[in-house]
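Chemist:
4 protein chains.
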Amino acid sequence: MGSSFGNLFRISTFGESHGGGVGVIVEGCPPRLDLDLEEIQRELDRRRPGQSHITTPRQEADRVEVLSGLLDGTTTLGTPIAMLVRNKDQRPGDYKDMAVAFRPSHADATYQVKYGIQARSGGGRASARETIGRVAAGAIAKQLLRKVAGTEVLAWVKRIHTIEASIDPQGVNLADVESNIVRCPDQQIAGRMVERIEAIGREGDSCGGVIECVVRQPRNGLGMPVFDKLEADLAKAVMSLPATKGFEIGSGFDGTRLKGSEHNDSFIPAEDGRLRTVTNNSGESIVIRVAFKPTATIRKEQQTVDSDGNATTLAAKGRHDPCVLPRAVPMVEAMVALVLADHLLRQQGQCSLW
Amino acid sequence: MGSSFGNLFRISTFGESHGGGVGVIVEGCPPRLDLDLEEIQRELDRRRPGQSHITTPRQEADRVEVLSGLLDGTTTLGTPIAMLVRNKDQRPGDYKDMAVAFRPSHADATYQVKYGIQARSGGGRASARETIGRVAAGAIAKQLLRKVAGTEVLAWVKRIHTIEASIDPQGVNLADVESNIVRCPDQQIAGRMVERIEAIGREGDSCGGVIECVVRQPRNGLGMPVFDKLEADLAKAVMSLPATKGFEIGSGFDGTRLKGSEHNDSFIPAEDGRLRTVTNNSGESIVIRVAFKPTATIRKEQQTVDSDGNATTLAAKGRHDPCVLPRAVPMVEAMVALVLADHLLRQQGQCSLW
Amino acid sequence: MGSSFGNLFRISTFGESHGGGVGVIVEGCPPRLDLDLEEIQRELDRRRPGQSHITTPRQEADRVEVLSGLLDGTTTLGTPIAMLVRNKDQRPGDYKDMAVAFRPSHADATYQVKYGIQARSGGGRASARETIGRVAAGAIAKQLLRKVAGTEVLAWVKRIHTIEASIDPQGVNLADVESNIVRCPDQQIAGRMVERIEAIGREGDSCGGVIECVVRQPRNGLGMPVFDKLEADLAKAVMSLPATKGFEIGSGFDGTRLKGSEHNDSFIPAEDGRLRTVTNNSGESIVIRVAFKPTATIRKEQQTVDSDGNATTLAAKGRHDPCVLPRAVPMVEAMVALVLADHLLRQQGQCSLW
Amino acid sequence: MGSSFGNLFRISTFGESHGGGVGVIVEGCPPRLDLDLEEIQRELDRRRPGQSHITTPRQEADRVEVLSGLLDGTTTLGTPIAMLVRNKDQRPGDYKDMAVAFRPSHADATYQVKYGIQARSGGGRASARETIGRVAAGAIAKQLLRKVAGTEVLAWVKRIHTIEASIDPQGVNLADVESNIVRCPDQQIAGRMVERIEAIGREGDSCGGVIECVVRQPRNGLGMPVFDKLEADLAKAVMSLPATKGFEIGSGFDGTRLKGSEHNDSFIPAEDGRLRTVTNNSGESIVIRVAFKPTATIRKEQQTVDSDGNATTLAAKGRHDPCVLPRAVPMVEAMVALVLADHLLRQQGQCSLW
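Chains as they are written, first to last, in our numbering: chain V, 11 to 364; chain S, 11 to 364; chain X, 11 to 364; chain R, 11 to 364.
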């Protein structure tokens, strides 16, 4: 447990930032699904470092190798699909100071307290490299969802620091999201976001923000009472990503300021027999928002404690993202797609026999 | 799955609002724990309907019977602890209209779409009665946490509709929370909250708000990389409660407006060898907030669709809470305690052998 | 864990021999299954004590109450089905000596060593009463399997002590099995088995034997590579029953004396497109055999150790079965049906989407 | 699921016989365990093909690479340990005929029926290569068990075809087992076993037999009521190995011919406070036996059906083991060790808090 996620469509990730590599096993994928491997690679490219000047300049190609589970390298056999990305750029020297002085608000100290040991370089398992396995697996989940129900999962940056965009979740498309390096579909706001990240990065500081994600055309009936409600599993999924601090669905925190008569989504008859609602506070299509804190590792000098318990200061020397959000967009999509794929199979298992 | 929660300290709930009863099995509780059964009952009393004039006037005693797992009715055997609360007040007549017309933003329609069938009265599994099992199990988890690590889990109402209290999570205590019927430890604000609920209730309408919860003195090292982080499991836990729409931990959504240098919790040396932090954005003790939407079932007439797909209107006749938050406080505490108890056992299993 | 079994069709049992009752929650049952509750009760009647003079004379009606999960008491809602059987006949006095002196080859000592505590009377969780939940849940699984695939699960006593019957698994039917109190479909051998049990019982001793079970018309494709093979899950299922010491499938231990050319089941073309085999060593229909040891609790005086670690002797005073096999027949059927129902849903979940 | 095994100490295997490689992720291993990697390799060497003239002449070095989870390549971090063995010798040509004609009593047809697709060469997931991951993970489990409780897991060949050895499970040691190529610690019987395998192999035929395994000095208290009894989990573990047909523990099937007074293990006082028994029918140390059928793939011509449903014949051309037992010895040990390691952590998690 801990490094596995899902029930029927289940993934297990492995790997530290430095070492042989990182990867994932996808268990339970339906057989006879024709995979587009290039699409998996494209998703990994969206999360890789060095993709633009507002991300860390580390250059990691992150080429994925599929080790198992496919016939002729394309069609799923129904057996575990293992994927491996080798670690290339290790540069342990940059992290040397951190091995001694715990990075404030970073998982360094947490690992040491929990396990009595920790990977000495590069963040170990807490490194963002761990999400490579999630994104690769999520790319398979997306292809499954598209084939079965035409479901689309799409995320974008809604806010960077204090600069917020207002996006219509029904109208946004992937091309708009990918048209700029910050992944905000409002091009004008996107420009201001980039400038803000540049400015904060120059200070040796970092910033956070909010990512929004829509699921369009989810299959009817997904989600299970009472603990595995879709909102519960989605919350867990995205709150397991590094640096997340909050989760909202539908009307979220703001909706709690409405009265029931204002908040309820009235049902209206629809021609196709589906239930339609006038508004979407509770969710015909699904909209979530995720809060990401500012990157913990910064170049500015900070007060901390070293592994001997003595007060000291720390200024990070590694090449870190001043803002994780542009690279976190495909991570959010991946986690959401994994939840939906799992629930698709669970729904199919229990409710499609007659 | 779906009705079970946790891994080592694991609960499974059962029961619809109407029928033989509701309850829970608690699996994995350590043996030789002396349980205070009255404390379990007291927690159930905090969530039962009819406890004050701002909750539903339904009178349900909700007396719990422990069916198994105890020696001499007090000491855990290490085997499953089954607890049952009989359903007393059924009054199916009040729900008759709802069986036909789907309640807007209620789980009625969801169950019908998913299963092709639904409990015809009282909300079935989606009824708040289902949380009886959670609260009873959570009361055991609390006693376990207190014994092992002196851990305390305490929640309160932070906001009702637009009326918000500012509470210091380190200083609040149970007596303050329980000193008024809305469960807000700021007595003056609490009074205004009660008035607001009364006013909205008189309109036949409903309101939501925010519950805050603190975990003081959590055992060191809880939480697991990478999917079962404490924040991820806490998010799932509370987002599985009825009517929740959002989750925050530590600095939450507001923290995303800070820079890294402002947000990071600097470590400082502590005399007891524990790691201390100057601030608590990332969480030495744990503070979470949960958004609850306004109750879906209201007396005001609403537009909806009946089970034949025809447009109709609905005005609920049942005795429903105009605001679920006062009764949801023990539910939030229970879910948080269940997560911590589970992680306590998981940490013990992996990391205490030498 | 430990008291739960299955993945998608999942049961959790609870209850000690003495206390409020024993029972089970069945999670994951498909919705809209019309249950025959009388059939569930009939299965419980097959396992209840006092059913004949060769079982324990304890009289326990074991009437099952369904607490949840059904609409109008007959149709599954897709939500957890909880079933409860109250404990009636407690007579703790009979067990008083055993609470002190550990019963040789009984689970008494095991519980004490594991948990540092044990139920003082009646065997606690190790009592055969725990199997009530399994049999009740298995009765639901059987109805599910019959509806979906016409699958039939049938077991019988193949050997008592040294008296063995030779039964054709394809030809035997329930009426033959139930036509005598020992549940061996060969009526002549059955008579000799009854005499043997009577004779051994008169000596204050006990005996074991072998139960055989067939699954006819299992749905194609059940079982999963590599750990959850059908034979692996069936082995676990029946080896979790009290007093079991061995498991065989198909040709079993004897088949290991054959050469590959003798053992292999050659495929032959079949008119219905299914794959047929000339022989059935590997299993077109599934045949298993389970070894049950002689009942541990006997009236004969035995050498043992008391809870203070001193040597003593013990002669059981309770009313115990001299041979568990007649009552174990429905238990074996139940466990086998539970495995098949779970794999049915798992197969459906992964492999029926297109 | 399906390709994962265990709860707290949990493994997930991946890989087909042909393709990028086979391997395993080990989750939940305690941190700060100093691993002897050479010992892992030695276990793999015991199972690899080409190790002697009575196994398949395929030469596969099966060098394991540890991809993650270790500090300085030796000490566990508490995070997932991924291990990979590349596929070297593929020779798909040899398997061409089998892709069309289903091998009698082989998993070919099973995969096709279940998934509607199958790996066309080398057995895919059903290949014995899949057990590489189990053996590598089992080698870690063994080192954990040895460190924590001095537990030893040792297996040997007890019977080949009709040639049976009588071995004292308390006295046998690894050197005796490894002193001959068939892995039977009775050297004289071992010689006869080798001759039998040679003779049957020359006929183009195959044979099976029985492997026995002892666990010496298991930690007290392992195993959980009621479904996860040690015997149940051991049964599942070994019955998930390819070609197994039966499982026995302690007195097994033969013990069912004894009376209770003969079978019960009387307790006797012991100086060290542990409970001792006069005999070992129920298990102070644990002894199990596993039945392996004759290898399905043989050079002799067999009757079968091709993928078009037409009758045909098949004579295997690949280089197959005439008898799997010598190579299955480390597989049995691995599966047993994995069960014990998992139960060790589960026991620690629930029962060691006070």
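Built from N, CA and C at the ideal position, the CB exists for glycine as well.
Just so you know, these numbers come straight off a predicted model, no measurement behind them.
#1: Would you report the Cα separation of residue 163 (chain R) and residue 347 (chain R), rounded to the nearest angstrom?
#2: Of the residues V:167, V:144, V:312, which one's Cα is nearest the Cα of residue 201 (chain V)?
#3: For residue 271 (chain X), name the three-state secondary structure that DSSP assigns.
#4: Threshold first: 4 residues or longer. Then list the alpha helix (DSSP H) segments lying entirely within the region 156-220 of chain V, N to C.
#5: For residue 348 (chain S), which three-state DSSP category applies?
#6: With 8 Å set as the bound, which would you pick, yes or no: does the beta-carbon of residue 360 (chain S) sit closer than that to a beta-carbon of chain R?
#7: Whose CA, out of R:143, R:204, R:53, lies closest to the CA of residue 169 (chain R)?
#8: Among S:38, S:268, S:254, which residue has its Cα nearest to the Cα of residue 260 (chain S)?
#9: Whose C-alpha, out of S:59, S:341, S:137, is nearest the C-alpha of residue 235 (chain V)?
#10: If you draw a straight line from the alpha carbon of residue 319 (chain X) to that of residue 122 (chain X), how long is it in whole angstroms?
#11: Going by C-alpha to C-alpha distance, which of X:77, X:74, X:57 sits closest to residue 68 (chain X)?
#12: Nearest to residue 154 (chain V) by CA position, among V:126, V:38, V:246, is which residue?
#13: Put residue 80 (chain X) into one of helix, strand or coil per three-state DSSP.
#14: Can you find the residues in the same chain that come closer than 7 Å, C-beta to C-beta, to residue 241 (chain S), ignoring five residues on each side of it along the sequence?
#15: Would you check if the region 136-150 of chain R and the region 247-257 of chain R touch, i.e. whether three or more CB-CB distances between them fall below 8 Å?
#16: For residue 84 (chain S) and residue 44 (chain S), what's the separation of their Cα atoms in angstroms?
#17: Helix, strand or coil, according to DSSP, for residue 101 (chain R) in the structure here?
#18: Leaving out five residues before and five after residue 334 (chain R) in sequence, what residues of the same chain have Cβ atoms less than 8 Å from its Cβ?
#19: If you compare alpha carbons, which of S:336, S:294, S:182 is closest to residue 274 (chain S)?
#20: So which residues of chain X does residue 23 (chain V) contact, with C-beta pairs closer than 8 Å?
#21: So if I threshold CB-CB distances at 9 Å, which residues from the region 234-255 of chain R count as touching chain V?
#22: Between residue 40 (chain S) and the rest of its own chain, which residues show a CB-CB distance below 6 Å, the 5 nearest in sequence each way excluded?
#23: Scan the region 31-96 of chain S and note each continuous alpha helix (DSSP H) run of 4 residues or more that stays entirely inside, going in chain order.
#24: Strictly by DSSP, which residues pair up with residue 314 (chain S)?
#25: Please name the residues in the region 117-130 of chain S whose beta-carbon is closer than 9 Å to at least one beta-carbon of chain X, in chain order.
#26: Please report the distance separating the alpha-carbon of residue 150 (chain X) from that of residue 352 (chain X).
#27: Compare the C-beta of residue 52 (chain X) with all C-beta atoms of chain R and state if any pair is closer than 8 Å.
#28: May I have the straight-line CA-CA distance separating residue 177 (chain V) from residue 297 (chain V), to the nearest angstrom?
#29: Which of helix, strand or coil does DSSP assign to residue 339 (chain R)?
#30: Using a Cβ cut-off of 7 Å, pull out every chain R residue sitting near residue 363 (chain S), in sequence order please.
#31: Closer than 8 Å is the cut-off here; do at least three beta carbon pairs connect the region 71-84 of chain R with the region 205-225 of chain R?
#32: So is residue 89 (chain S) in contact with chain R if we call contact Cβ pairs under 8 Å?
#33: Cα separation between residue 310 (chain V) and residue 341 (chain R)?
#34: Just list the residues that DSSP pairs residue 258 (chain R) with in beta bridges.
#35: Look up residue 225 (chain S) in the DSSP assignment and say whether it is helix, strand or coil.
#36: One question on the structure: do residue 146 (chain S) and residue 225 (chain S) come within less than 8 Å of each other, judged by their Cβ atoms?
Modeler: So, from the data block:
#1: 7 Å
#2: V:167
#3: helix
#4: 184-188, 197-212
#5: helix
#6: For residue 360 (chain S), the answer is yes, since a Cβ of chain R falls inside 8 Å of its Cβ.
#7: R:204
#8: S:268
#9: S:137
#10: 13 Å
#11: X:57
#12: V:38
#13: strand
#14: 259
#15: yes
#16: 6 Å
#17: Caution applies to residue 101 (chain R), whose pLDDT of 49 falls short of 50 and renders its modelled position unreliable; the model cannot decide the point.
#18: 138, 218, 252, 253, 302, 305
#19: S:294
#20: Simply none; closest approach about 20 Å.
#21: none
#22: Counting only Cβ-Cβ distances below 6 Å, and skipping sequence neighbours, we find nothing.
#23: 47-57
#24: S:322
#25: 121, 124, 125, 126, 127, 128, 129, 130
#26: 12 Å
#27: no
#28: Separation of residue 177 (chain V) and residue 297 (chain V) (C-alpha to C-alpha, rounded to the nearest whole angstrom) is 11 Å.
#29: helix
#30: 40, 158, 358
#31: Too few Cβ pairs lie closer than 8 Å, so no.
#32: At least one chain R Cβ lies under 8 Å of residue 89 (chain S).
#33: So the alpha carbons of these two residues sit roughly 54 Å apart.
#34: X:256, R:299
#35: Here residue 225 (chain S) sits in strand by DSSP.
#36: no
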